[in-house]
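Undergrad: Position 10 of the sequence shown, counting from 1, maps to 12 under my numbering, and the rest follow consecutively.
Glycine included, each C-beta is placed from N, C-alpha and C at the ideal position.
Following this message is one structure expressed as structure tokens.
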Amino acid sequence: MRLARWKRSTGRSSFRTHHLSAASWSADLLAARDISRVDRLFPLLVVVSVLGPALMGGATGP
């Protein structure tokens, strides 16, 4: 009973995943070379942004 009441109060739509077509909603972003380059280099950017400060701090630390 409590679960049913909770679902009604929060709304069932908040638990649904909507699969949207990237081509129909963001065709201009998919065509942009800069955006595709950042998308391709994202893992490298994450590693550099996480390890970079730690390495700089280790190099200048006591």
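Grab me the residues of V40's own chain with a C-beta within less than 8 Å of its C-beta, minus the 5 sequence neighbours each way, in chain order.
TA: Walking along the sequence shown from the start, residue 40 turns up at place 38. Excluding sequence neighbours, V40 sits near L47.
Undergrad: At the level of alpha carbons, what is the spacing between L43 and A56?
TA: On the sequence shown, residue 43 is found 41 positions in, with the first residue counted as 1. On the sequence shown, residue 56 is found 54 positions in, with the first residue counted as 1. Each residue's Cα considered, the two are about 20 Å apart.
Undergrad: Check this for me: beta carbons of A25 and L31, under 8 Å apart or not?
TA: Within the sequence shown, residue 25 is the residue found at index 23, counting from 1. Within the sequence shown, residue 31 is the residue found at index 29, counting from 1. No; because the gap between Cβ atoms is not below 8 Å, this pair is not in contact.
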